[in-house]
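*Asks:* I have a structure here, written as structure tokens, and I will follow up with some questions on it.
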Amino acid sequence: MTRARPTATHWGNYLVDTAADGTLSVTPHGDDPHPSPIGRSLTALHDPAHRIARPAIRLGYYRDRAAADPTLRGREPFVEVDWNTALDIAADALRTARATAGNRAIYGGSYGWAGAGRFHHAQGQVHRFLQLFGGYTASVDTYSFAAAEVLIPHVLGMNAYVAARQAPSTEEITRHCARIVFFGGAPQRNTQVNPGGVGAHPGPGRLTALRGAGIDFIHIGPVRDDCDPALDARWIPCRPHSDAAIMLALLHTLITEGLHDHAFLDRYTTGFDRLAEYVTGRGDGVPKSPEWAAELAEIPADEIRALARLMARERCLIGLPYALQRAEHGEQSYWAAWALAAALGHIGLPGGGVLMGTGIGMTNNMQRRYLPFEIGGLPQPGNPVAEFVPVARLTEMLERPGGTVDYNGRVLTYPPIDLIYWAGGNPFHHHQDLNRLRRAWSRPRTVIVNEISWTATARLADIVLPTTAGAEREDFAGGRTDHWLTPMRRALEPYGQARDDYAIFAGLAERLGFAERFTEGRTARQWVEQLWRTTVDNAAAAGIRLPEYADFRAGAPLDLRPQLPESPHTLEQFRDDPQRHPLRTPSGRIELFSRTIAEFGYPDCPGHPAWFPPREWLGSPAAQRFPLHLLSHQPATRLHSQLDHGVISREAKIRGREPLRMNPADAATRGLRDGDIARVHNDRGALLAGVRISDAVRPGVMHMATGAWYDPLNPSDPESLDVHGNPNSVTNDIGTSSLAQGPSANSCLVEAERYDGELPPLSVGTPPPLVDAGSIR
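One rule links them: number in the working numbering = place in the sequence shown (from 1) + 1.
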């Protein structure tokens, strides 16, 4: 073995060894008490069945350039070429797109997590490059949290991620909180990952501390173990999409029984009178009573009423996972939760309020010790193109050039996209209704992809440029919601002819005439050192001491907790003195009624929390044809689709297919047994999945992880069966509402049946057909 070298990922820090025969050994860093098992899959980094070894051009595009038929993407072999040829062709495509339709015709949103490094971060690289090229159409918001990202600034006057960090610490919860009520659960699988890296995983230990404190846990949701079993929570198995209705009914009980905190509402909120008018039915004639919600949620009205009384009796926290707002009208559950917390009067008190997100609030949160400085990142000169689209409206943008879409009080016009440049992401994992995306993907003349592996996005590109993986780079890692800074020394040689994104974009910039502006005369190593100097200077200004780069690079990951002071929360300061510390809302208060949103005039998002029946849920007419509600969640065995080919992900599959959990009664009705392969389908598409029967899933509901690499049986057919099990083959591509236009993946009805035919082979385990340029005439 060579000397172990440190590297960082979004799921933890690891030491990587390489044997003489090239075999990899991966060991979690010793400071992590509960390392993520995903790290074992790093041994697949040099798997030749998945890595891209050389630049490759789709055959038709190699012959005809931008005049090639874009509908043949995914159907033709790739021509492997040398780097000069690949970069020349890519540079010509960029020039052509700009000359034909202007820079707005280049889509460079390039959404994805990419790697954890601060310099070798694909999004930072591609955005800097395209900005210096004259700009591009960008995307805003995230697939993770879009509805909340748009809504929360209207309600609390702060960024949604900042609001998520307002959660009380574990110590505060154990000392002051009597009860936590989760809507949708608190799955430990989500606490494995953090943008920018995770120095340690303290979550399991904190869960043990919370349970030992005698806190009462209540979980309202359709999947029992979405709330970690260690909490031993009482499960109330509601129907999916009834969360906002239940919250409004809880609020109804508080109001009608005089249990709401008048003093808090009067001093710290605005619009409660308007909301109360809606909740009590004075406005629309429909009281949002427990009986009303019970019919929608299929849980007893008396249970809702009793829960409201419990929540009012003692200090209470309300927990919300990200998944709750990834649904049609997803804004409403988050807004209703904050309204409910306001009525209880616990916002801003130790151990009270609202927990939002993937364990940030309860397990892997910063425990009040936030980084008081910015970590260095690749400078972004600014995008000369002002146009943007909500990230989840990608397909619609490609389908309707010149069309319009409402978004957060604006009317946006979709640009005519001629070229897509994607680096560090996989839209054919994270976007909804993948068959529809495939059809829209054939509209632009050129698709360029920088990619490590032969993902579906790479297979559906015209120009594929192979990039290095994180362990093949020199860098450092650190995230805003972590306490650690980690050196990343190159542990592996680049696979095949792979290059860093920086080298790729520097080569393109040279051909396009702005190499000096892009590189600023620095090598990649010099850039890393410069970003570290920026980090050191920023930290010093905040009273934090960091070592020089050479010492940092040679050492172990840095735990900054001993140097970080405890920070007050904005909502605590607001509660202590709302005149001195007003919120950045129009009223300076928590907005239970938002005049701003009301004046947008959106029929699907009024000025206060409300309940709307989704187009697809178990209470809709569509359930007559498709009577199962598919909920897709973040996987425990990988980060989104990263390392789906790794050992941890493969071990969890059933005959090579992604597992699908369903209730025993639903399985019996369909003649399905544990270990069977099921065909899951609706009018949008179909997929194959391996059946796991579990009474942890409510009847009428199926539960499936995202991230299996999309693998259509017939690449020539945009309606083809996905044989691997990507749930986005069947999910619905509609916006949450006119306000946020976020993804609505969890508003999805399907049917399932046993697949009795010969099981199709998987193509994602082998590269696409490749030919050498010398064989092309």
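For glycine and all other residues, C-beta sits at the position ideal for the given N, C-alpha and C.
Residue range of the alpha helix (DSSP H) that Asn539 falls in?
*Replies:* Asn539 -> alpha helix (DSSP H) spans Ala525 to Ala542.
*Asks:* Are the beta-carbon atoms belonging to Arg190 and Gln625 less than 9 Å from one another?
*Replies:* No.
*Asks:* Starting from Val702 and walking both ways along the beta strand (DSSP E), at which residues does that stretch end?
*Replies:* Its beta strand (DSSP E) spans residues Val702 to Ala706.
*Asks:* With C-beta atoms as the reference, is Met705 less than 9 Å away from Arg662?
*Replies:* Their beta carbons are under 9 Å apart, which means Met705 touches Arg662 by this criterion.
*Asks:* What first and last residue would you give for the beta strand (DSSP E) that runs through Ala478?
*Replies:* Looking at the DSSP string, the run of the beta strand (DSSP E) that includes Ala478 is Asp476 to Ala478.
*Asks:* Going along the chain, which residues of its own chain have a beta-carbon closer than 8 Å to the beta-carbon of Arg491, five neighbours each way excluded?
*Replies:* Arg6, Ala472, Glu473, Arg474 and Glu475.
*Asks:* To which residues of the same chain is Arg425 closer than 6 Å at the C-beta, ignoring the five residues directly before and after it?
*Replies:* A quick correction: the sequence has Gly, not Arg, at residue 425. Result list for Gly425: Gly113, Ala115, Ala123 and Gln124, in chain order.
*Asks:* Go through its chain and collect everything with a Cβ distance to His725's Cβ below 8 Å, but skip five positions before and after it.
*Replies:* Once the five neighbours on either side are set aside, the close Cβ partners of His725 are Gly657, Arg658, Glu659, Leu688, Leu689, Ala709, Trp710, Tyr711, Asp712, Leu763 and Val765.
*Asks:* Counting along the chain, where does the alpha helix (DSSP H) carrying Asn436 start and finish?
*Replies:* Where Asn436 is concerned, the enclosing alpha helix (DSSP H) stretches over Leu435 to Trp442.
*Asks:* So if DSSP puts Gly686 in a beta bridge, which residue, or which two residues, is it bridged to?
*Replies:* Partner(s): Asn683.
*Asks:* To the nearest angstrom, report how far apart Pro322 and Asn195 are at their CA atoms.
*Replies:* The straight-line gap from Cα to Cα measures roughly 15 Å.
*Asks:* On the criterion of 16 or more Cβ atoms from any shown chain inside 10 Å, does Ser730 qualify as buried, or is it exposed?
*Replies:* Buried is the call here.
*Asks:* Taking its Cβ as the centre, do 16 or more other Cβ atoms sit within 10 Å of Leu760, making it buried, or is it exposed?
*Replies:* Counting Cβ neighbours within 10 Å, Leu760 comes out exposed, since fewer than 16 surround it.
*Asks:* Cα separation between Ala551 and Ala525?
*Replies:* Between Ala551 and Ala525, the C-alpha separation is close to 15 Å.
*Asks:* From Glu511 to Ala68, what distance separates their C-alpha atoms?
*Replies:* Going from the Cα of Glu511 to the Cα of Ala68 covers about 25 Å.
*Asks:* Taking only the alpha-carbon atoms, compute the straight-line gap between Gly206 and Ile174 and give it to the nearest angstrom.
*Replies:* Each residue's alpha carbon lies about 14 Å from the other.
*Asks:* Going by DSSP, which residues form a beta bridge with His630?
*Replies:* Partner(s): Val702 and Leu750.
*Asks:* In the DSSP assignment, find the unbroken alpha helix (DSSP H) run with Tyr162 in it and report its ends.
*Replies:* Taken as a continuous stretch (DSSP letters only), the alpha helix (DSSP H) holding Tyr162 covers Ala161 to Ala165.
*Asks:* Quick check: the region 18-34 against the region 196-216, are at least 3 beta-carbon pairs closer than 8 Å?
*Replies:* Contact holds: three or more Cβ-Cβ distances are below 8 Å.
*Asks:* Give me the Cα-Cα distance between Gly410 and Gly40, rounded to the nearest whole angstrom.
*Replies:* Approximately 43 Å, taken between the alpha carbons.
*Asks:* Within 10 Å of its beta-carbon, does Val17 have 16 or more other beta-carbons around it, so buried, or fewer, so exposed?
*Replies:* Buried.
*Asks:* Reducing DSSP to helix, strand and coil, say where Arg76 ends up.
*Replies:* It is coil, neither helix nor strand.
*Asks:* Identify, in the order they occur along the chain, each residue of the same chain with its Cβ nearer than 8 Å to the Cβ of Phe553, setting aside the five sequence neighbours on each side.
*Replies:* Correct list, in chain order: Phe477, Leu486, Pro488, Trp533, Leu547 and Leu559.
*Asks:* Let's test the definition: count the other Cβ atoms within 10 Å of the Cβ of Arg105 and tell me whether it reaches 16, buried, or not, exposed.
*Replies:* Buried, because 16 or more other Cβ atoms sit within 10 Å of the Cβ of Arg105.
*Asks:* Mark Asn715 as exposed unless 16 or more other C-beta atoms lie within 10 angstroms of its C-beta, in which case mark it buried.
*Replies:* By the 10 Å Cβ count, Asn715 comes out exposed.
*Asks:* Any idea what DSSP makes of Val412, helix, strand or coil?
*Replies:* Val412: strand per DSSP, three-state reduction.
*Asks:* Mind pulling the alpha helix (DSSP H) runs of 4 or more residues that sit fully within the region 11-96?
*Replies:* As far as the region 11-96 is concerned, its whole alpha helix (DSSP H) runs of at least 4 residues are 60-65.
*Asks:* Put Ala611 into one of helix, strand or coil per three-state DSSP.
*Replies:* If DSSP states are grouped into helix, strand and coil, Ala611 belongs with coil.
*Asks:* If you draw a straight line from the C-alpha of Ala774 to the C-alpha of Val82, how long is it?
*Replies:* Answer to the nearest angstrom: the Cα atoms are 6 Å apart.
*Asks:* Out of curiosity, what's the CA-to-CA distance linking Asp48 and Ala21?
*Replies:* Each residue's alpha carbon lies about 16 Å from the other.
*Asks:* Chain C beta carbons: is any one of them nearer than 9 Å to that of Ser695?
*Replies:* Among the chains of the structure shown, chain C does not appear; only one protein chain is present.
*Asks:* Select from Arg310, Ile591 and Phe613 the residue whose C-alpha is nearest the C-alpha of Asn268.
*Replies:* A small correction: the amino acid at residue 268 is Arg; Asn does not occupy that position in the sequence shown. Of Arg310, Ile591 and Phe613, the residue nearest in Cα terms is Ile591.
*Asks:* Going by beta carbon distance, what residues of the same chain come within less than 7 Å of Tyr15, once the five residues before and after it are set aside?
*Replies:* Contacts found: Thr8, Val27, Thr28, Pro29, His30, Gly40 and Leu43.
*Asks:* Check for me: the alpha helix (DSSP H) holding Asp274 runs from which residue to which?
*Replies:* Its alpha helix (DSSP H) spans residues Phe273 to Val280.
*Asks:* If you measure between the beta carbons of Leu311 and Ala741, is that distance less than 9 Å?
*Replies:* Cβ distance not < 9 Å, so Leu311 and Ala741 don't count as in contact.
*Asks:* If you draw a straight line from the alpha carbon of Arg394 to that of Ile735, how long is it in whole angstroms?
*Replies:* One C-alpha to the other measures close to 8 Å.
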